[in-house]
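Chemist:
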Amino acid sequence: MEQKRKWKVSDLWELIKNGFSAILTGNLLLRLNAGKYFIHIAYTFLLFWILIFESLMAENALSKVERNKAKLHEMEIIYSDKTFEVASMSRRSEVEKRLAAMGSKVKEPERQAIALEKR
Amino acid sequence: MAEENNINQLPQQSTKKKRDRIGLVLYVFYTLLLIVSVLVLVKLVYFQLIWKPEPKIAGPLTPGIVKRTIEPVRGNILDCNGRLLAMSYPVYDIHMDCTVMKAEYAMLKNREKAKMKEDEWLGKARQLADGLAEVVPSINADRMFSQIKEGRASGRKYLLIAKGVDRTTMLKIKGLPLYREGANKGGMIVENRNIRKYPYGKLARRTIGFVRDNKGLPEEEIKGNPGLEGHYDAILHGTDGREYLRLTDRGRVRNYDSSYVRAIDGNDLRTTLDIDYQDVADRALHEQIDSMNTLNGACLVLMEVKTGAIRAMVNLSRDPYRSGHFEEITNFAIGRRYEPGSVFKTVTLLSVLSDGYVKNLDETLPTNHGIVKDTKMKQDIHIVDWERENKTREISVRDGFKISSNYVFGTLAVQNYAKQPRHYVEKVYSYGLGDTFDFDLEGLLTPTIPNPDDKRVWSNTTLGNMGFGYVTELTPLHILTFYNAIANKGKMVKPYLVEDIEKAGSVTDRRGPSVLNASICSKAIADTMTRALLSVTDEGTAKILRKAKCKVAGKTGTSFGTFPGGGYSDASGRKKYQGTFVGYFPAEDPQYSIICAVFSDPSYTNYRYQGGGIPAATVKTLIDYVYINDPRFRTTVPKK
Chain B
1 MEQKRKWKVS
11 DLWELIKNGF
21 SAILTGNLLL
31 RLNAGKYFIH
41 IAYTFLLFWI
51 LIFESLMAEN
61 ALSKVERNKA
71 KLHEMEIIYS
81 DKTFEVASMS
91 RRSEVEKRLA
101 AMGSKVKEPE
111 RQAIALEKR
Chain V
120 MAEENNINQL
130 PQQSTKKKRD
140 RIGLVLYVFY
150 TLLLIVSVLV
160 LVKLVYFQLI
170 WKPEPKIAGP
180 LTPGIVKRTI
190 EPVRGNILDC
200 NGRLLAMSYP
210 VYDIHMDCTV
220 MKAEYAMLKN
230 REKAKMKEDE
240 WLGKARQLAD
250 GLAEVVPSIN
260 ADRMFSQIKE
270 GRASGRKYLL
280 IAKGVDRTTM
290 LKIKGLPLYR
300 EGANKGGMIV
310 ENRNIRKYPY
320 GKLARRTIGF
330 VRDNKGLPEE
340 EIKGNPGLEG
350 HYDAILHGTD
360 GREYLRLTDR
370 GRVRNYDSSY
380 VRAIDGNDLR
390 TTLDIDYQDV
400 ADRALHEQID
410 SMNTLNGACL
420 VLMEVKTGAI
430 RAMVNLSRDP
440 YRSGHFEEIT
450 NFAIGRRYEP
460 GSVFKTVTLL
470 SVLSDGYVKN
480 LDETLPTNHG
490 IVKDTKMKQD
500 IHIVDWEREN
510 KTREISVRDG
520 FKISSNYVFG
530 TLAVQNYAKQ
540 PRHYVEKVYS
550 YGLGDTFDFD
560 LEGLLTPTIP
570 NPDDKRVWSN
580 TTLGNMGFGY
590 VTELTPLHIL
600 TFYNAIANKG
610 KMVKPYLVED
620 IEKAGSVTDR
630 RGPSVLNASI
640 CSKAIADTMT
650 RALLSVTDEG
660 TAKILRKAKC
670 KVAGKTGTSF
680 GTFPGGGYSD
690 ASGRKKYQGT
700 FVGYFPAEDP
710 QYSIICAVFS
720 DPSYTNYRYQ
730 GGGIPAATVK
740 TLIDYVYIND
750 PRFRTTVPKK
């Protein structure tokens, strides 16, 4: 014996029609009995809100990281600049030239240094 | 009753009406919201599936993720005291967007005002060009202004203003008219990049090497870059990093959903060089050779006896294309192979002493008018002079060494090794003079030592000529390594330039000294050799070093370079001189060994090109400086 189908294709059309009329009359959520899921829906909205908020916060923090990176890079540049300047000035002949230009009487030693013996 | 019912129904009807009105309002409101949401939904579907933005705005509206290579910081090269020899240095390239504000001015309805604004902008550009010429001397104000003007007319958005300026200059440029108004109005584009800088300029340039930046050297360029920069490029370069950036309202930020590879900065290289000694050596050599018009190049190497650590390495060659002055262009110390001349006599002397053919330096040989028996070698006329001056027909080995007699050492070689030339050649190899070794720089040449079995090169005169430094070809570093072994009582250490590899100040890979040959001779023979070498500086060809602050043991050598065709002089009789002094000090307790060699162009005169001339004088200057300044030579007195 052939079993009877529980639903027909026309039921689908009926469902769409009812759904549409429910949307038009503003009864859709009531008909779906969504009231009992209200707390879940609210919770989902809260989660979405937190997600968006956190994403904005992370973006903010990342842009701060980039700004600080740029500042740090600037500091490194200043450091390299000064290091190079100091290193260039420490050349023996450069020091001698500067001393001569300043009229200093400091010259290269002519004798070895005498060191005190460590006890 | 009916009236009562009517009265009761009135308020109910009015409440119902009221409810209907509220319901209607709500319904209308709901319907409006529904329509709006449907419209939003439709628009959403349209944007997602149908709408295509114009290419011009597609980029900003749909920002893609940009991949960025993070360049590591190239490691520093330091001297033995930690002073910076090479470092990464930030510079700026400054460009200009010449079109800024042009469209805005063009859109002004008032044409007069638009022209006035445009003229005002160009006026500021003129001031900018004048300011640039003041800040950067290589910029010509008029040319720069016309470039900006032309760039504005043709819509140029990336005009180069200044390349590779330092931070101070960049800040000065930033403060000039027009540029001080910011990127949107002034069009200033600043790009930062790191270049390689050498705080001591061209000092030890051939040893340190040279790179422009840290982009990574291609294989062929490493081979052509014989300095430490080339040889240790992989260690100095580090490892590139990678990150992905996305555009947000607050600029570009790293996209944490994408992978991120951190850049690993390059390691530092601590070398054995002492930049003070290098500076003094460089100056001493320049002082001696700068006025020598027919000199082609010179080199000087200072090495620590016990370890083989090279403290100074100067290589000067005439720059024919630019200044004509001496610059660090070619590494002669490792890349010039030449017949060493009399400095090779030490090899012969060491061989005959080691083999027991000569017992002490006072043993004598017959002078034989300077003719080496059983060979076709040329007569040594200096021996004829010796016979006349000393009224004798005998000469001691010491005197032969002192006056650097070719006859004496030719005879010693022929007399003792003619029947076993292979043994003599093997001796030369055992002194490390026949092979190359793993050195810290690219380009160390292998010496040329003739093979007695090869009859094409080995003749009746070869052994005799070898005895006093011809036929063979050595690099200055090979000669120095040999003399250093004598100073080190027979222990031959390998010359090296890299002390260790460091990361943020701590050692990751210690290099340091290594031994090539634990004993090339006994200590007693090494002492005899020192006595022989001392006679050269006391009374011989390097007498100039008698006035040095400490006792120096060493040997001079002068040889002639060959011309195409194999001769030692050209058609007009000019010769190429190769003068060398090599030795060590203080002779009584050697701490440093030193070599200086000069190479001349074809020249008629041998003035100062001999080993006892420029090389010995240069060496004296450096020895005096080192002896006075080096802490190991200090005299100590007990504390009271």
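Residue numbers (our numbering), protein chains in the order written: chain B, 1 to 119; chain V, 120 to 759.
We treat Cβ as the ideally placed atom computed from N, Cα and C, and that holds for glycine.
In this text, all values refer to a predicted model and were calculated from it rather than measured experimentally.
Can you give me, in chain order, the residues of the region 30-57 of chain B that have a beta carbon less than 7 Å from any beta carbon in chain V?
Modeler: For the region 30-57 of chain B, which is checked against every Cβ of chain V, not one residue is closer than 7 Å.
Chemist: Taking Cβ-Cβ distances shorter than 8 Å, what residues in chain B pair up with residue 316 of chain V?
Modeler: Going along chain B in sequence order, the residues near residue 316 of chain V (Cβ under 8 Å) are 84.
Chemist: Who are the near neighbours of residue 606 of chain V in its chain, counting only those whose CB is closer than 7 Å to its CB and skipping five residues on each side?
Modeler: Same-chain partners within the cutoff: 424, 703, 709 and 712.
Chemist: Residue 542 of chain V lies in the alpha helix (DSSP H); which residues open and close that run?
Modeler: From DSSP, the alpha helix (DSSP H) with residue 542 of chain V extends over 540-549.
Chemist: Please check the pair residue 380 of chain V and residue 365 of chain V, which I expect to be a contact at CB under 8 Å, by giving their CB distance rounded to whole angstroms.
Modeler: That belief does not hold up - the Cβ atoms of residue 380 of chain V and residue 365 of chain V are roughly 17 Å apart, past 8 Å.
Chemist: Express the C-alpha separation of residue 137 of chain V and residue 120 of chain V in angstroms, rounding to a whole number.
Modeler: Per-residue confidence for residue 120 of chain V stands at a pLDDT of 48, beneath the threshold of 50, marking its modelled position as unreliable; no derived number is given.
Chemist: Taking Cβ-Cβ distances shorter than 8 Å, what residues in chain V pair up with residue 116 of chain B?
Modeler: Residues of chain V passing the Cβ test: 755, 756, 757 and 758.
Chemist: Are there 16 or more other CB atoms within 10 angstroms of the CB of residue 388 of chain V, so buried, or fewer, so exposed?
Modeler: Label assigned to residue 388 of chain V: buried.
Chemist: With DSSP collapsed to three states, give me the class of residue 490 of chain V.
Modeler: Reduced to three states, the DSSP call for residue 490 of chain V is coil.
Chemist: Any C-beta of chain V sitting closer than 8 Å to the C-beta of residue 81 of chain B?
Modeler: Taking Cβ atoms only, chain V reaches closer than 8 Å to residue 81 of chain B, which makes this a yes.
Chemist: Which first and last residues belong to the beta strand (DSSP E) in which residue 328 of chain V is found?
Modeler: First-last for residue 328 of chain V: undefined, no H or E at that position.
Chemist: Listing by chain order, which chain B residues have their CB less than 8 Å from the CB of residue 206 of chain V?
Modeler: Near residue 206 of chain V (Cβ distances below 8 Å), the residues of chain B are 80, 83, 84 and 87.
Chemist: Compute the Euclidean distance between the alpha carbons of residue 483 of chain V and residue 432 of chain V, then round it to the nearest angstrom.
Modeler: If you take the alpha carbons of residue 483 of chain V and residue 432 of chain V, they lie about 39 Å apart.
Chemist: Measuring straight from C-alpha to C-alpha, what distance separates residue 460 of chain V and residue 590 of chain V?
Modeler: Rounded to whole angstroms, residue 460 of chain V to residue 590 of chain V spans 9 Å at the Cα level.
Chemist: List the residues of chain V that residue 63 of chain B touches, going by C-beta distances under 8 Å, in chain order.
Modeler: By Cβ distance, chain V contributes 367, 369, 370 and 372.
Chemist: Using a Cβ-Cβ distance under 8 Å, would residue 327 of chain V count as near chain B?
Modeler: No - not a single Cβ of chain B is within 8 Å of the one on residue 327 of chain V.
Chemist: Does chain B have any CB closer than 8 Å to the CB of residue 286 of chain V?
Modeler: Taking Cβ atoms only, chain B reaches closer than 8 Å to residue 286 of chain V, which makes this a yes.
Chemist: Rounded to the nearest angstrom, what separates residue 294 of chain V and residue 213 of chain V at their Cα positions?
Modeler: Residue 294 of chain V and residue 213 of chain V: Cα-Cα distance of roughly 13 Å.
Chemist: Please list, in chain order, the chain B residues whose beta carbon lies closer than 7 Å to that of residue 395 of chain V.
Modeler: In chain order: 92.
Chemist: Please compile the residues from chain V whose C-beta is within a distance smaller than 9 Å of the C-beta of residue 26 of chain B.
Modeler: Near residue 26 of chain B (Cβ distances below 9 Å), the residues of chain V are 145, 146, 149, 150 and 153.
Chemist: With DSSP collapsed to three states, give me the class of residue 449 of chain V.
Modeler: In the structure shown, residue 449 of chain V sits in coil (DSSP, three-state: anything other than H, G, I, E or B).
Chemist: For residue 639 of chain V, which residues of its own chain have a beta-carbon under 7 Å away from its beta-carbon, when the five flanking residues on both sides are left out?
Modeler: Around residue 639 of chain V: 549, 550, 604, 609 and 611.
Chemist: What in chain B is Cβ-close to residue 386 of chain V, meaning under 7 Å?
Modeler: Per Cβ cutoff of 7 Å: no residues; residue 386 of chain V is ~18 Å from chain B at best.
Chemist: Just to check my reading of the structure: residue 783 of chain V and residue 407 of chain V have Cβ atoms closer than 8 Å, yes? What is that Cβ distance to the nearest angstrom?
Modeler: This structure leaves residue 783 of chain V out entirely; chain V is present only between 120 and 759.
Chemist: At a Cβ cut of 7 Å, what residues of the region 208-227 of chain V count as close to chain B, listed as they run along the chain?
Modeler: Within the region 208-227 of chain V, the qualifying residues are 208 and 209.
Chemist: Helix, strand or coil, according to DSSP, for residue 120 of chain V in the structure here?
Modeler: The predicted model places residue 120 of chain V with a pLDDT of 48, which falls under 50 and marks its position as unreliable; any figure quoted below should be read in that light. Coil, per DSSP.
Chemist: Any residues in the region 733-755 of chain V with a beta carbon nearer than 9 Å to a beta carbon of chain B? Which ones, in chain order?
Modeler: For the region 733-755 of chain V, which is checked against every Cβ of chain B, the residues closer than 9 Å are 744, 746, 747, 748, 749, 750, 752, 753, 754 and 755.
Chemist: What's the call for residue 134 of chain V, buried or exposed, on a 16-neighbour Cβ count within 10 Å?
Modeler: Its Cβ having fewer than 16 others within 10 Å, residue 134 of chain V is exposed.
Chemist: Measure the CB-CB distance between residue 698 of chain V and residue 671 of chain V and report whether it falls below 8 Å.
Modeler: Their beta carbons are not under 8 Å apart, which means residue 698 of chain V does not touch residue 671 of chain V by this criterion.
Chemist: Use the C-beta contact count for residue 193 of chain V: other C-beta atoms within 10 angstroms, 16 or more gives buried, fewer gives exposed.
Modeler: It counts as buried.
Chemist: Between the alpha carbons of residue 8 of chain B and residue 15 of chain B, how many angstroms are there, rounded?
Modeler: One C-alpha to the other measures close to 11 Å.
Chemist: Just reading off the beta strand (DSSP E) that residue 169 of chain V is part of, what are its end residues?
Modeler: It is not in any beta strand (DSSP E) - residue 169 of chain V carries neither H nor E in the DSSP assignment.
Chemist: Look at residue 450 of chain V and residue 325 of chain V and say whether their C-beta atoms are less than 8 Å apart.
Modeler: Yes, the Cβ-Cβ distance between residue 450 of chain V and residue 325 of chain V is below 8 Å.
Chemist: Let me check one thing: in DSSP terms, what residues is residue 695 of chain V bridge-paired to?
Modeler: Paired residue(s): V:680.
Chemist: Please identify the residue among V:689, V:266 and V:707 whose C-alpha is closest to the C-alpha of residue 721 of chain V.
Modeler: Out of V:689, V:266 and V:707, V:689 has the C-alpha closest to the C-alpha of residue 721 of chain V.
Chemist: Going by CA-CA distance only, name the one from V:714, V:681, V:636 and V:706 that's closest to residue 462 of chain V.
Modeler: The shortest C-alpha separation from residue 462 of chain V is found at V:714.
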